[in-house]
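If you're matching them up, the sequences are chains A and B in order.
Using my numbering, read the first sequence as starting at 10 and increasing by one per residue.
Using my numbering, read the second sequence as starting at 578 and increasing by one per residue.
Worksheet: the structure to be examined is printed underneath.
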Amino acid sequence: MESLDKVYRRSDEIVFRKIGEECILVPIRQGASDLESIYTLNETAARIWELLDGTATGIEIRNKITEEFDVAPEEAEKDLIHHLQELASVKAITEE
Amino acid sequence: MIHEEPQKGNRLEIAGIRVSWFFELDSDPSILPPLVLKAGSDITLRVRRHSPPTFFPKENAFDSGQTWALFRSRGRLLLQNTSLHSEFSPSRFLFLAPDLKSGDLYVTDDAPQEADPLGYPLNQVLWILLLSQGRGSLFHACGIDDDGKGYLFLGNSGDGKSTTAKLWFDQGMAVLNDDRIIVKEKDGKFWMHGTPWHGDFKVHSSRDLPIHKLFFLRHGQKNSLQVKNGAEAVSMLLARSFPPFWDKEGMAFTIEFCQRLVSEISCYELAFVPDAGIIDFVRNIQPQAQSDS
Numbered sequence: 010m011e012s013l014d015k016v017y018r019r020s021d022e023i024v025f026r027k028i029g030e031e032c033i034l035v036p037i038r039q040g041a042s043d044l045e046s047i048y049t050l051n052e053t054a055a056r057i058w059e060l061l062d063g064t065a066t067g068i069e070i071r072n073k074i075t076e077e078f079d080v081a082p083e084e085a086e087k088d089l090i091h092h093l094q095e096l097a098s099v100k101a102i103t104e105e
Numbered sequence: 578m579i580h581e582e583p584q585k586g587n588r589l590e591i592a593g594i595r596v597s598w599f600f601e602l603d604s605d606p607s608i609l610p611p612l613v614l615k616a617g618s619d620i621t622l623r624v625r626r627h628s629p630p631t632f633f634p635k636e637n638a639f640d641s642g643q644t645w646a647l648f649r650s651r652g653r654l655l656l657q658n659t660s661l662h663s664e665f666s667p668s669r670f671l672f673l674a675p676d677l678k679s680g681d682l683y684v685t686d687d688a689p690q691e692a693d694p695l696g697y698p699l700n701q702v703l704w705i706l707l708l709s710q711g712r713g714s715l716f717h718a719c720g721i722d723d724d725g726k727g728y729l730f731l732g733n734s735g736d737g738k739s740t741t742a743k744l745w746f747d748q749g750m751a752v753l754n755d756d757r758i759i760v761k762e763k764d765g766k767f768w769m770h771g772t773p774w775h776g777d778f779k780v781h782s783s784r785d786l787p788i789h790k791l792f793f794l795r796h797g798q799k800n801s802l803q804v805k806n807g808a809e810a811v812s813m814l815l816a817r818s819f820p821p822f823w824d825k826e827g828m829a830f831t832i833e834f835c836q837r838l839v840s841e842i843s844c845y846e847l848a849f850v851p852d853a854g855i856i857d858f859v860r861n862i863q864p865q866a867q868s869d870s
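Laid out in C-alpha cells, this is it:
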C-alpha cells in the first residue's frame, strides 16, 4: 500500500509527453521482452503525474486534486492511491 | 593515414539518408587513423575485414533478444549482429562515433559477403539510430501509392499488411513496402518512404510520397472505420514503430514526432475484409468520418 505521508518522484527512466489532457509514458528499456508497455494516463492521472516532482507529499497532491477536479477528498484519495500503486508497479515512480 | 587506393567505396541511400563506406585493406587492427568523412553522406563507415580489437569495458544498452545487441563503450555505441542470448557468435561489429557521423565496421571472415557490408539487421538498426536524431521514424507498416495518394497501413504481425499490399498491387497500385516504412517530415508534410527490409511481399518500391491518410489495420467481419486521435493515436503509432527504446533523447523525439504526425494526418482504425472491396471503401472515406461506418 502506497502511503500518502511519503514524497514520490517520477523515475528518470521514463520518457513522458503531455498530449491534450492526457499523458503518454514510455519506459527506457534494455531488452525487447517488454516492448508492449506504453502507458496512457487520463486527465486526472496526468495531473497526478505532473505533481510527482519529488517535493509534494501524497496528502498535498490529494488536496490539489480535490481542489482542481471538484471531487470529494475520500474519492480523490482512493484514486490517488490506486494511481500510485499502478505507477510503482511499473517502476515509474520512486520514493524520496 | 588513409590512402585513396586500394580503398573501394560504396553508398546506400534509404529515405534520403546516405551511408557511405570504404574498405580499408591490410591495416593494423590496433591502429585507427582519423576517418575522412564522405561529402554528401550522413555517416561514413570504414570497413575492415577482420575481428575487432579487444573491447573496452562496455555497458549493455539494448538486447533485441534475437538478432542484435547494442552497447555503450567509452562514449561510443557498439552494435553487433547477434543477441547476447544467441547460440551464434557475432560476425559484424559496428563502432559508432557519439555524433553518428562516422563508424568502424569489422566483418569477420565467416560473415556472408553482401553488397551492403552492414547486412541485416545492422543496416536497419543504424537507420533507427539516425532517424532518432530528429530525422523521422521507422514503422511496422505497409505503404501504398494510389496514383499519388499515399496510404499508410500500420499493423503488427498478422494484422493484414501483406494482404493489404497484395490487394492494392493487384489493382495496379505501387507498394512501397509491406512491413517497414520510414516516415519523415519535409516542407511541412509527412512523407512515407519505401525500404528494402523485411516483408512477405517481394515487390517493393523505393519511391516516396506524402501521406494522405493513416490506418491502424485489423481484420474484421466487415469493413469499418473509427477515427483515432490524440494520445490514443500516438500510443497506437508507438506500438507499431521501431523507436530507440534505450535512448531518452531519441525516445522523446519519437513521441513528439508521432504527436505531430497524428495532428496533421487523419488517422483511423480500419477493420477490413480481405477482398478488393476495401479499396473503394478506403478511397471513399469522407474527411469527417467520425465513427463506425
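A virtual CB, placed ideally from N, CA and C, is assigned to each residue, including glycine.
Keep in mind the model is a prediction, meaning the values are calculated, not measured.
Taking all protein chains shown into account, decide if residue i is buried (16 or more other Cβ within 10 angstroms of its Cβ) or exposed.
i, result
"residue 690 of chain B", "exposed"
"residue 67 of chain A", "buried"
"residue 840 of chain B", "exposed"
"residue 91 of chain A", "exposed"
"residue 86 of chain A", "buried"
"residue 625 of chain B", "buried"
"residue 601 of chain B", "buried"
"residue 616 of chain B", "exposed"
"residue 662 of chain B", "exposed"
"residue 837 of chain B", "exposed"
"residue 861 of chain B", "exposed"
"residue 757 of chain B", "buried"
"residue 821 of chain B", "buried"
"residue 619 of chain B", "buried"
"residue 658 of chain B", "buried"
"residue 64 of chain A", "exposed"
"residue 614 of chain B", "exposed"
"residue 98 of chain A", "exposed"
"residue 629 of chain B", "buried"
"residue 733 of chain B", "exposed"
"residue 718 of chain B", "buried"
"residue 35 of chain A", "buried"
"residue 637 of chain B", "exposed"
"residue 669 of chain B", "buried"
"residue 12 of chain A", "exposed"
Quick check on this structure: which residue in the options has the alpha carbon closest to the alpha carbon of residue i?
i, options, result
"residue 641 of chain B", "B:699, B:615, B:589", "B:699"
"residue 649 of chain B", "B:824, B:771, B:599", "B:824"
"residue 667 of chain B", "B:656, B:782, B:735", "B:656"
"residue 31 of chain A", "A:17, A:73, A:50", "A:50"
"residue 826 of chain B", "A:17, A:64, A:16, A:23", "A:23"
"residue 644 of chain B", "B:771, B:715, B:702, B:713", "B:702"
"residue 598 of chain B", "B:692, B:774, B:795", "B:692"
"residue 765 of chain B", "B:787, B:844, B:774", "B:787"
"residue 816 of chain B", "A:61, A:71, A:46, A:25", "A:46"
"residue 102 of chain A", "A:12, A:19, A:13, A:14", "A:19"
"residue 682 of chain B", "B:675, B:739, B:671", "B:671"
Consult DSSP for residue i and reduce its assignment to one of helix, strand or coil.
i, result
"residue 751 of chain B", "strand"
"residue 40 of chain A", "strand"
"residue 95 of chain A", "helix"
"residue 82 of chain A", "helix"
"residue 31 of chain A", "strand"
"residue 817 of chain B", "coil"
"residue 739 of chain B", "helix"
"residue 758 of chain B", "strand"
"residue 59 of chain A", "helix"
"residue 746 of chain B", "helix"
"residue 53 of chain A", "helix"
"residue 840 of chain B", "helix"
"residue 808 of chain B", "helix"
"residue 584 of chain B", "Note that residue 584 of chain B scores a pLDDT of 42, beneath 50, so its modelled location is shaky and nothing firm can be said."
"residue 710 of chain B", "coil"
"residue 566 of chain B", "The shown model of chain B, from 578 to 870, leaves out residue 566 of chain B, and the question about it has no answer."
"residue 598 of chain B", "strand"
"residue 19 of chain A", "strand"
"residue 103 of chain A", "strand"
"residue 71 of chain A", "helix"
"residue 632 of chain B", "coil"
Going by the CB atoms, is the gap between residue j and residue i shorter than 9 Å?
i, j, result
"residue 792 of chain B", "residue 744 of chain B", "no"
"residue 708 of chain B", "residue 592 of chain B", "yes"
"residue 114 of chain A", "residue 33 of chain A", "Only positions 10 to 105 of chain A appear in the structure, and residue 114 of chain A is not among them; the question remains open."
"residue 706 of chain B", "residue 716 of chain B", "no"
"residue 741 of chain B", "residue 842 of chain B", "no"
"residue 871 of chain B", "residue 40 of chain A", "Residue 871 of chain B lies beyond the range of chain B shown here (578 to 870); nothing can be said about it."
"residue 760 of chain B", "residue 770 of chain B", "yes"
"residue 622 of chain B", "residue 695 of chain B", "yes"
"residue 594 of chain B", "residue 712 of chain B", "yes"
"residue 782 of chain B", "residue 722 of chain B", "yes"
Quiz item: Which residues, taken in chain order from the region 827–850 of chain B, show a beta carbon closer than 8 Å to some beta carbon of chain A?
Solution: For the region 827–850 of chain B, the set of positions with a beta-carbon nearer than 8 Å to some beta-carbon of chain A reads 828, 829, 832, 833, 836 in chain order.
Quiz prompt | chain A contacts made by the region 616–641 of chain B, where a contact means CB separation under 7 Å | solution = Answer set for the region 616–641 of chain B: 637, 638, 639, 640, 641.
Practice problem: Taking only beta carbons into account, state which residues of the region 743–754 of chain B come closer than 9 Å to chain A, listed in chain order. | Solution: Residues passing the 9 Å Cβ filter: none.
Exercise. Anything in the region 58–88 of chain A with a Cβ closer than 7 Å to a Cβ of chain B? List those residues in chain order, please.
Key: Against chain B - using a Cβ distance shorter than 7 Å - the region 58–88 of chain A contributes no residues.
Exercise. Please list the residues of the region 787–812 of chain B that have a C-beta atom closer than 8 Å to any C-beta atom in chain A, keeping them in chain order.
Key: Listed in chain order, the positions of the region 787–812 of chain B with a beta carbon within less than 8 Å of a beta carbon of chain A are 807, 808, 809, 811, 812.
Quiz item: Using a Cβ cut-off of 7 Å, which residues of the region 811–825 of chain B contact any Cβ in chain A, in chain order?
Solution: Cβ contacts with chain A: 811, 812, 815, 816, 822, 823, 825.
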